[in-house]
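Since the structure comes first, as structure tokens, the remarks are kept for the end.
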Amino acid sequence: MPIRIPDNLPASDVLQRENIFCISSSDAEHQDIRPLKILLLNLMPKKIETEIHLLRMLANSPLQVDVELMRINERPSKNTPIEHMETFYKSFNDVRHNKYDGMIITGAPLGQKEFTEVSFWDDMKTIMDWTTTNVTSTMFLCWAVQAAMYHLYDIEKRILKEKISGVYPHHLVKPLSPIVRGFDDVFDAPHSRYAEVPYDDIATLREIEIVAASGIAGVYVAARKDGRQLFITGHSEYEPLCLKGEYERDLSAGLAPAIPENYFPGNDPKQDPIVTWKSHGNLLFSNWLNYYVYQLSPFDMSTIGKKFARIPMQLA
32 MPIRIPDNLP
42 ASDVLQRENI
52 FCISSSDAEH
62 QDIRPLKILL
72 LNLMPKKIET
82 EIHLLRMLAN
92 SPLQVDVELM
102 RINERPSKNT
112 PIEHMETFYK
122 SFNDVRHNKY
132 DGMIITGAPL
142 GQKEFTEVSF
152 WDDMKTIMDW
162 TTTNVTSTMF
172 LCWAVQAAMY
182 HLYDIEKRIL
192 KEKISGVYPH
202 HLVKPLSPIV
212 RGFDDVFDAP
222 HSRYAEVPYD
232 DIATLREIEI
242 VAASGIAGVY
252 VAARKDGRQL
262 FITGHSEYEP
272 LCLKGEYERD
282 LSAGLAPAIP
292 ENYFPGNDPK
302 QDPIVTWKSH
312 GNLLFSNWLN
322 YYVYQLSPFD
332 MSTIGKKFAR
342 IPMQLA
């Protein structure tokens with residue numbers, strides 16, 4: 032949240048140079064505040080579990096957030112009761128004329144498929160195009176990053192020889208970026224995917240900044256310079272036992288998965304994992320809500336797609 036300071040306070044210039052978000056007393060007195068409207072497109076098979084993960088992260092903010100849930104199409108979900116879907120989820124037709132301050136598009140277990148083989152690919156393309164005019168800031172997660180980079184920026188994903196699964200150290204590439212405010216220089220994040228968008232390919236995009244990366248897992252955070260899109264290739268929202276559950280699921284399916292790296296103490300699946308990613312995960316989502324959604328979105332939602340504030344600090 033911004034700090035309110037007297038008009039023309041000399042410290043204002045110093046604080047602005049340090050990327051501290053300030054608001055003058057006169058502006059604060061005329062500031063309109065309303066709940067942020069966030070749309071969650073849930074592509075994961077276990078929808079209730081994913082809802083819990085992401086809503087927990089969104090709730091860790093002083094900002095009031097109104098969340099709507101959306102499904103990709105009307106096909107029944109194999110892992111979620113139909114009553115739940117009919118009660119809580121909207122279709123794209125239900126929301127296509129709405130405006131939203133923010134949107135999250137989740138991953139999906141589709142990394143080994145070509146995009147044209149994905150049954151809902153045409154719907155996905157339509158929704159991604161729609162976000163550019165109807166949403167202030169969109170957060171793409173995991174597979175959705177691969178989809179967005181391919182459709183919006185013509186960057187191909189690269190299918191990996193072995194699945195990236197584990198908790199990996201990352202470093203800051205752009206330490207003054209608002210999305211990583213408060214992060215340590217080195218931090219951990221979980222990954223679980225069969226494909227990646229190559230670092231060097233993303234680096235060619237003039238609109239995009241690579242913000243954080245791993246020597247093993249590649250790009251972790253990238254963002255448009257105008258704050259309109261955020262790309263997160265890992266899973267900072269994961270609960271402690273998520274990677275364990277995926278590992279045991281793949282074992283049961285006879286896939287002979289590798290043990291998730293840097294996850295179980297002593298690399299022993301019988302041991303409970305030690306969580307090392309929770310604090311940065313909470314910061315990631317709270318920073319997105321504050322700097323990319325709250326501060327960029329206009330009070331009059333009808334102007335979303337027409338009028339946007341500048342991101343309140345320069346990306347380094």
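Position one of the sequence shown corresponds to residue 32 (our numbering), numbered consecutively onward. Glycine included, each C-beta is placed from N, C-alpha and C at the ideal position. Fair warning: this is a prediction, and the values are worked out from it, not measured in the lab.
Nearest residue (CA-CA) to residue 141, options 210, 151, 214: Checking every option, the nearest Cα to that of residue 141 belongs to 151.
Cβ-based burial, residue 227 [other Cβ within 10 Å; buried from 16]: Residue 227 sits buried, since 16 or more C-beta atoms from the chains shown fall within 10 Å of its C-beta.
Residue of 244, 90, 290, 188 minimising C-alpha distance to residue 313: Closest by alpha carbon: 90.
Continuous alpha helix (DSSP H) assignments of at least 4 residues falling wholly in the segment 140–213: Annotation note: the segment 140–213 contains the following uninterrupted alpha helix (DSSP H) runs of length 4 or greater, listed N- to C-terminal: 152–165, 174–184.
Residue 108 - DSSP class collapsed to helix/strand/coil: Correct three-state label for residue 108: coil.
Pair within 8 Å by beta-carbon distance, residue 253 and residue 193: No. Outside cutoff.
Euclidean distance between Cα positions of residue 164 and residue 324: The alpha-carbon atoms of residue 164 and residue 324 are separated by roughly 15 Å.
Burial state of residue 32, where buried means 16 or more other Cβ atoms lie within 10 Å: Low confidence applies to residue 32: its pLDDT is 49, below 50, so where it sits in the model is not reliable enough to give any reading.
Best match in 306, 188, 284, 265 for proximity to residue 293 [C-alpha to C-alpha]: For residue 293, the nearest C-alpha among the options comes from 306.
The segment 167–187 contacting the segment 202–218, beta-carbon criterion three pairs below 8 Å: In short, these stretches do not touch, since the Cβ pair count stays below three.
Those residues which DSSP pairs with residue 131 across a bridge: Answer by DSSP bridge pairing, in chain order: 166.
Beta carbon of residue 103 nearer than 8 Å to that of residue 74: A contact, by the Cβ cut-off of 8 Å.
Environment of residue 97 [buried if 16+ CB atoms lie within 10 Å]: Residue 97 should be labelled exposed.
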